[in-house]
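Q:
Numbering (the working numbering), first residue to last: 6 to 394.
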């Protein structure tokens with residue numbers, strides 16, 4: 006490993022890998038450090054919106070060829086009430102294990118130098134560069150640093166708390182019984198329960214991805230994951246029906262606390278912050294991965310045009326501020342009793358509410374049109390037709 010590098014990307018998720026692809030394809034020398042030594046799962050709803058599909062297509066990745074599951078509708082459950090509504094845009098669901106590996110391979114093919122199992126411990130700012138310290142003890146200098154460590158902060162570079170940061174996130178993959186697979190096929194199942202909400206959708210190989218966001222106070226009062234899951238299954242019969250006869254894929258769920266929902270970076274300190282290091286939208290919107298990919302493409306465009314990190318953050322805030330603020334307001338409402346009771350009623354009375362919410366929380370078209378791949382990102386074109394809802 007060289008002691009001095011031009012461009013260093015820290016983190017091998019969608020944002021970091023996409024940025025590495027773009028810079029390497031433009032002829033820049035790029036090194037990417039990923040702390041995990043091999044494929045792994047991450048806390049994520051694993052939902053790919055039309056915008057995300059457009060960005061992935063631009064670098065030659067077709068999630069459908071990786072086995073992604075089509076999502077054609079949304080079903081909201083609150084207590085014993087359920088409301089079903091079709092989606093008006095293309096969407097897929099694919100595990101981060103497969104998606105991240107496909108993006109890392111694209112970065113490698115573009116000429117990026119990938120370092121697996123390289124845990125960046127600290128990042129120090131110098132007069133005209135940065136000093137990077139690995140957990141292994143190795144150190145190196147970098148002229149430009151792109152930080153893409155997701156919801157996990159690098160030591161010494163902690164973000165401010167989000168505007169809805171009292172939630173704990175859980176994720177578990179399940180092998181459902183055949184009747185449950187048929188029941189949830191092509192559908193994003195959303196659940197509202199006391200002090201939290203969650204979602205479930207099939208990914209590749211008919212595995213179900215179940216994610217919960219729960220207030221910290223409820224977790225403290227309930228105890229551990231088994232007690233929490235049991236309580237939620239009792240509150241929302243739909244979850245109990247879906248998980249009847251199912252088997253968890255892991256001994257325990259992935260978890261993160263707190264989730265910095267509503268966070269948007271304002272100051273760069275000379276670092277290019279990408280993905281959740283730049284902005285965190287509540288997960289129920291399904292827009293997190295499109296924001297990660299958008300931030301990477303915007304950063305690449307502005308860096309290659311000679312712009313500065315603070316200019317990039319100002320532009321990204323302009324693109325995302327309205328949607329994240331609205332989504333965070335909804336997230337606050339969804340964990341209240343009033344929101345939990347009124348949501349299914351509102352969706353029943355206004356069938357187009359899901360599409361309206363999606364439009365308010367997605368990346369605006371004006372921002373997409375400013376990128377070189379705007380037309381593909383805006384249409385979310387799929388290489389194979391989706392089934393009818």
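Heads up, the beta-carbon is just placed ideally off N, CA and C, and yes, glycines get one too.
When the Cα of residue 326 is compared with those of 186, 97 and 266, which residue comes out closest?
A: 266
Q: When DSSP labels each residue in this structure, what does residue 35 get in the three-state scheme?
A: strand
Q: Within 8 Å, do at least three Cβ pairs link the stretch 341 to 348 to the stretch 290 to 309?
A: no
Q: Assign residue 129 to one of two classes, buried (16 or more other C-beta atoms within 10 Å of its C-beta) or exposed (fewer than that).
A: Exposed.
Q: From residue 180 to residue 123, what does the alpha carbon distance come to, in whole angstroms?
A: One alpha carbon belongs to residue 180, the other to residue 123, and they sit about 32 Å apart.
Q: Count the other CB atoms within 10 Å of the CB of residue 345; is the residue buried (16 or more) or exposed (fewer)?
A: Around the C-beta of residue 345, 16 or more other C-beta atoms lie within 10 Å, and the residue is accordingly described as buried.
Q: Who are the near neighbours of residue 96 in its chain, counting only those whose CB is closer than 6 Å to its CB and skipping five residues on each side?
A: 54 and 76
Q: Starting from residue 308 and walking both ways along the alpha helix (DSSP H), at which residues does that stretch end?
A: 293 to 309
Q: Could you give the DSSP three-state label for residue 289: helix, strand or coil?
A: helix
Q: What did DSSP end up calling residue 8 once you bin it into helix, strand or coil?
A: coil
Q: Taking a contact to mean a Cβ-Cβ separation below 9 Å, would you say residue 12 touches residue 148 in this structure?
A: yes
Q: Where residue 277 and residue 174 are concerned, what is the direct C-alpha to C-alpha distance, given to the nearest angstrom?
A: 26 Å
Q: Would you say the beta carbon of residue 162 is closer than 8 Å to some non-hydrogen atom of the ligand GDP?
A: The ligand GDP is not among the ligands present in this structure, which contains no ligands whatsoever.
Q: Taking residue 80 as the reference, which of 289, 367, 368 and 296 has the closest Cα?
A: Its Cα nearest to that of residue 80, the residue 289 stands out among 289, 367, 368 and 296.
Q: Return helix, strand or coil for residue 69, following the three-state DSSP convention.
A: helix
Q: Taking the beta carbon of residue 40 as the centre, do at least 16 other beta carbons fall within 10 Å, making it buried, or is it exposed?
A: By the 10 Å Cβ count, residue 40 comes out buried.
Q: Is residue 210 helix, strand or coil by DSSP?
A: helix
Q: Would you call the CB atoms of residue 65 and residue 37 closer than 9 Å?
A: no
Q: Pairing CB atoms from the stretch 126 to 145 with CB atoms from the stretch 183 to 195, are three or more of them under 8 Å?
A: no
Q: From residue 5 to residue 162, what does the alpha carbon distance come to, in whole angstroms?
A: Residue 5 falls outside the range modelled here, since the chain spans only 6 to 394, and no answer is possible.
Q: Which whole-angstrom value is the C-beta distance of residue 20 and residue 291, which I expect to be below 8 Å?
A: With 8 Å as the limit, residue 20 and residue 291 do not qualify as a contact, their Cβ atoms being about 16 Å apart.
Q: Rounding to the nearest angstrom, what Cα-Cα distance links residue 332 and residue 8 in this structure?
A: 43 Å
Q: Can you list, in chain order, the residues of its chain with a C-beta nearer than 8 Å to that of residue 240? Leave out the 5 residues immediately preceding and following it.
A: Closer than 8 Å at the Cβ level, and outside the excluded window around residue 240, lie 84, 198 and 199.
Q: Taking C-alpha atoms, which residue in 74, 258 and 89 lies nearest to residue 232?
A: 258
Q: To the nearest angstrom, report how far apart residue 234 and residue 219 are at their CA atoms.
A: One C-alpha to the other measures close to 11 Å.
Q: Report all residues from its chain with a CB closer than 6 Å to the CB of residue 27; omit the five preceding and five following residues, and keep chain order.
A: 305
Q: Looking only at its own chain, which residues have a Cβ that is under 6 Å from the Cβ of residue 2, when we skip the five neighbours before and after it?
A: No information on residue 2 is available, as it lies outside the stretch 6 to 394 that the chain covers here.
Q: Quick one: is residue 105 buried, meaning 16 or more other Cβ sit within 10 Å of its Cβ, or exposed?
A: buried
Q: Kindly list the residues whose CB is nearer than 6 Å to the CB of residue 121, restricted to its own chain and excluding five residues on each side of it in sequence; keep chain order.
A: 39 and 42
Q: Is it buried or exposed for residue 2, if we count other Cβ within 10 angstroms and need 16 for buried?
A: Here the chain has residues from 6 to 394 only, and residue 2 is not among them.
Q: Per DSSP, residue 218 is paired with what?
A: 174 and 202
Q: Might you give, ordered along the chain, the residues of its own chain that have their beta carbon closer than 6 Å to the beta carbon of residue 365, omitting 5 neighbours on each side?
A: 331
Q: Tell me the rounded alpha-carbon separation between residue 385 and residue 246.
A: Any reading at residue 385 must be qualified, since the residue scores a pLDDT of 39, below 50, and its modelled position is unreliable; the value itself is stated next. Rounded to whole angstroms, residue 385 to residue 246 spans 33 Å at the Cα level.
Q: Spatial neighbours of residue 328 within its chain, please: C-beta separation below 6 Å, excluding the five flanking residues on both sides.
A: 366
Q: Under a Cβ-count criterion, where at least 16 other Cβ atoms within 10 Å of its own Cβ denotes burial, should residue 68 be classed as buried or exposed?
A: buried
Q: Verify whether the separation of the beta carbon atoms of residue 160 and residue 186 is less than 9 Å.
A: no
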